[in-house]
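So the sequence shown is numbered by our numbering: it starts at 118 and just counts up by one.
Beneath this line is the structure, given in structure tokens, with notes to follow.
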Amino acid sequence: MAYVIPQCPVPAVAVNGTKDRFPVHRLYCVGRNYAEHSREMGHDPDRELPFFFQKFPDNILPSGPKDNAKFPYPPLSKNVHHEIELVAALGAGGSDVSEKKAMDLVWGYAVGIDMTRRDLQGEVKKAGKPWDIGKAFEHSAPMGPVCPASVVGHPKSGHIWLSVNGKIRQDGDIKQMIWKLPEIIAHLSTQFELKAGDLIFTGTPAGVGAVEKGDILEGGVDGVGEIKLVVV
Ligand code: MN
């Protein structure tokens, strides 16, 4: 047997401090998981169950603190937003995983940015169409290396921040997440069969905003790492 066209490479991200790679299966994102961000987007955080959307694994743009990663300003949009997020990387999967067992699935953590074509997302939202065009475009998932939980533990609190050209835009704490990671995994695993290699972007604190060509984005989550990229 041979593939009739060249096979795409397996999407993967670096494992912090090693030459190893973490192969990516799927990329899930949690919507509106910090109350202040939910309100800034015009929603009531008290009334919502967690909800999820996906990006494509090959949307990942490796962007460690020293990679000098370049984020190409995407086509069709005039309002591209940054959303700094804690990313959980799963080393095992399952369906209908209980909250009690959920953390057994988590292999490590990374810092990611859920780049969003906000204008396109707004248009499709209004029209009741899928979010993909706003969320799942090329290079829309910059992320740093995965840090094994065996090294960094399972952070439940810690500063999460993002600056543009040295000015702080997003400034929160991961303890402000409405739905905590065990709840996220439990809910998500009722909707999809989770697998080793899945990444979960866990939502963003308030302060999302537009980027322009030439901007330098820096961000991080205490205890997990930092990310840096330039918009080109
Ligand atoms: Mn997001």
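Cβ coordinates follow ideal geometry from the N, Cα and C atoms, glycine included.
6 Å CB neighbourhood of residue i in its chain, flanking five on each side removed
{"i": "Asn196", "result": "Arg235, Asp236 and Ala327"}
{"i": "Glu157", "result": "Ala323"}
{"i": "Val121", "result": "none"}
{"i": "Phe318", "result": "Cys146, Glu202, Val204, Gly229 and Asp231"}
Endpoints, the beta strand (DSSP E) within which residue i is located
{"i": "Lys292", "result": "Looking at the DSSP string, Lys292 is not in any beta strand (DSSP E), and its letter there is neither H nor E."}
{"i": "Arg138", "result": "Arg138 to Pro140"}
Integer-rounded CB distance, given that residue j should sit under 8 Å from residue i
{"i": "Pro179", "j": "Val228", "result": "Their Cβ separation, rounded to whole angstroms, is 12 Å, which puts Pro179 and Val228 out of contact at 8 Å."}
{"i": "Gly275", "j": "Val325", "result": "At roughly 19 Å, the Cβ-Cβ gap does not stay under 8 Å, so Gly275 and Val325 are not in contact."}
Nearest candidate by alpha-carbon position, reference residue i, set the options
{"i": "His198", "options": "Pro272, Gly320 and Met232", "result": "Met232"}
{"i": "Asp290", "options": "His160, Leu279, Gly331 and Ser267", "result": "Leu279"}
{"i": "Ala258", "options": "Cys146, Val132 and His304", "result": "Cys146"}
{"i": "Asn225", "options": "Ser215, Ala205 and Ala244", "result": "Per the sequence presented here, residue 225 reads as Gly, with Asn not at that position. Selected option, being the one with the closest Cα: Ala205."}
{"i": "Val263", "options": "Gly134, Ser306, Pro192 and Tyr190", "result": "Gly134"}
{"i": "Asn150", "options": "Cys125, Glu200 and Asn282", "result": "Glu200"}
{"i": "Glu310", "options": "Glu255, Asp213 and Val268", "result": "Asp213"}
{"i": "Pro126", "options": "Val132, Met118 and Arg138", "result": "Arg138"}
{"i": "Lys217", "options": "Asp315, Val281, Leu316 and Glu300", "result": "Glu300"}
First through last residue of the alpha helix (DSSP H) which encompasses residue i
{"i": "Leu298", "result": "Leu298 to Gln308"}
{"i": "His199", "result": "Careful: His199 lies outside any alpha helix (DSSP H), inside the beta strand (DSSP E) at Val197 to His199."}
{"i": "Ile250", "result": "Asp249 to Lys252"}
Residues near residue i in its chain [Cβ-Cβ closer than 7 Å; skip 5 each side]
{"i": "Val241", "result": "Pro247, Trp248, Ile250 and Gly251"}
{"i": "Phe170", "result": "Cys146, Gly148, Trp248 and Lys252"}
{"i": "Gly331", "result": "Val348"}
Residues near residue i in its chain [Cβ-Cβ closer than 8 Å; skip 5 each side]
{"i": "Lys312", "result": "His142, Arg143, Leu207 and Gly210"}
{"i": "Ala266", "result": "Val223, Trp224, Gly225 and Tyr226"}
{"i": "Ser215", "result": "Ala303"}
request  = Pair every Cβ in the stretch 293-309 with every Cβ in the stretch 152-171, then say whether three or more of these pairs are closer than 8 Å.
outcome  = yes
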